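Colleague:
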Amino acid sequence: MKEHIKDNLMNFFIIVTLVNIVIFACGMILMPEQQLTYTAFLVPIIDGLLGIIPGLVMYSKRELTVRQMLIREVIQLLSIEAIILFFTFGFSGSLNIKYLLVVATSVAVVYVMVNVIRYFLDIRSAKKLTDELKAFQSTHGS
Amino acid sequence: MDINVKHVDVSEREYVEIGCHEQDRRVNEIIRFVKGLDGSVAGVREGKQYEIPVVDIMYFESVDNRTFIYTAKMSYETSRKLYEFESELQDSNFLRISKSVVLNIMKVESIRPALNGRFLCKLRNGEEVIISRKYVGAFREYISRKV
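As they're listed, the protein sequences go chains B and X. Note that our numbering numbers the first sequence so that position 129 is 129, with each residue one more than the last. Note that our numbering numbers the second sequence so that position 103 is 103, with each residue one more than the last.
#1: Do the segment 69–85 of chain X and the segment 93–107 of chain B meet, that is, are 3 or more Cβ pairs less than 8 Å apart?
#2: So X/S98 contacts chain B; which residues on that side make the cut at Cβ distance below 8 Å?
#3: Please report the residue range of the beta strand (DSSP E) in which X/G43 lies.
#4: List the residues of chain B that X/F149 touches, going by C-beta distances under 9 Å, in chain order.
#5: When the distance is taken between beta carbons, is B/V109 closer than 9 Å to B/V16?
#6: Are the CB atoms of X/V101 and X/I143 nearer to each other than 9 Å?
#7: Starting from X/S110, find everything on chain B with Cβ-Cβ shorter than 7 Å and list it in chain order.
#8: Contact criterion: CB-CB distance below 9 Å. Does X/G137 meet it with respect to chain B?
#9: Would you list, in sequence order, the uninterrupted alpha helix (DSSP H) runs of no fewer than 4 residues that lie entirely inside the segment 31–75 of chain B?
#10: Would you report the Cα separation of X/R118 and B/E33, rounded to the nearest angstrom?
#11: In whole angstroms, what separates the C-alpha of X/E127 from that of B/E3?
#12: 9 Å is my cut-off, CB to CB: does B/F91 come that close to chain X?
#13: With a threshold of 8 Å on Cβ separation, who are the neighbours of X/S40 within its own chain once the five nearest residues in sequence on each side are excluded?
#14: Roughly how many angstroms separate the alpha carbons of X/K122 and B/L64, rounded to a whole number?
#15: From which residue to which residue does the alpha helix (DSSP H) around X/E84 run?
#16: Who are the neighbours of B/Y119 on chain X, taking C-beta pairs under 9 Å?
#17: Can you tell me the Cα-Cα spacing of X/R112 and B/F86, whole angstroms?
#18: Under 9 Å Cβ-Cβ, which residues of chain X neighbour B/F136?
#19: Give the residues of chain B in contact with X/K134, contact being defined as C-beta atoms less than 7 Å apart.
#20: Would B/V107 pass as a contact of B/L30 if the rule is Cβ separation under 9 Å?
#21: Please list the terminal residues of the continuous alpha helix (DSSP H) segment that includes B/F124.
#22: Flag this pair as yes or no: are the beta carbons of B/F91 and B/G48 separated by less than 9 Å?
#23: Check the Cβ-Cβ distances between B/L70 and every residue of chain X, and say whether any is below 9 Å.
#24: Can you check whether the C-beta of X/E11 is within less than 9 Å of a C-beta belonging to chain B?
#25: Who does X/N125 pair with in a DSSP beta bridge?
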């Protein structure tokens, strides 16, 4: 459970950073003249919190197979899409399809990027673990 | 047969080296004896009982309430439970890496990431076993504590 919370906390900070980048990039392209207020700083944090909800809820003590894990990833992505789109457009009167597609695509890109970044962090951890293991094996006889 | 005993520094690994013309019955007997010094585990294969030297064991696995012992080339079944091996062989560098596997970490060749925070251990015989997320921390702690 502790590992799971640590994982989600890490995901939260990655999402916040990526959402900042996405807002900057999309804003510069789609609405370069837009003026933002201080509340805009809250958007990445709120998105980060909303983005980790499915991951927190779908915690399983069971060891999942690769297939089960992939299915869970897809369900998780769809849940995040639904949550973010609902909170972004659910309370406004009109629905702009262009912006809906931009937000939906951004969510998918951020989701994939979080997993890619986590994978690269895992590669680094694995390398460190292998080095430590080699040192362990040479001192303890193998 | 001459016997030489050479003292090595405590920082070096202890070893037994056998110089022979061919690996015959006598040499195999010596190897079995030396391996047996680190203990052995009883296992059954095709109805026959074997004593498997602990140093030859790659990992123990529990499948459907049955426990199996894996060496580089063979697998054996045992009536004992996984948790018994986990506690009994802790000092021989056997470590729980998932709900169903206790691994001899001296047999690990390399580690690489798998999906979703898990890691894959490539063993010296080419086999791969998964360290589940729950046990990654303990695995890391065990190694770094003893390095």
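C-beta: ideal position from N, C-alpha, C; glycine also. Everything numeric in this text was worked out from a predicted model, so none of it was measured.
Modeller: This is what the structure holds:
#1: no
#2: E63
#3: 40–45
#4: Residue numbering for chain X in the displayed model covers 1 to 147; residue 149 of chain X lies beyond these limits and cannot be assessed.
#5: no
#6: When the beta-carbon positions are compared, X/V101 and X/I143 stay at least 9 Å from each other.
#7: T130
#8: yes
#9: List check, alpha helix (DSSP H) in window: 42–57.
#10: Computed Cα separation, rounded: 45 Å.
#11: 27 Å
#12: no
#13: E51, I52, P53, V54
#14: If you take the alpha carbons of X/K122 and B/L64, they lie about 20 Å apart.
#15: 82–88
#16: P113, L115
#17: 38 Å
#18: Going along chain X in sequence order, the residues near B/F136 (Cβ under 9 Å) are N93, I105, M106, Y142, I143, S144, K146, V147.
#19: E3
#20: no
#21: This sequence places Arg at residue 124 of chain B; Phe is not what is there. Counting along the chain, the alpha helix (DSSP H) containing B/R124 begins and ends at 97–140.
#22: no
#23: Output row for B/L70: interface = yes.
#24: It is Ser, not Glu, that sits at residue 11 of chain X in the sequence shown. Taking Cβ atoms only, chain B reaches closer than 9 Å to X/S11, which makes this a yes.
#25: In DSSP, X/N125 forms no bridge with anything.
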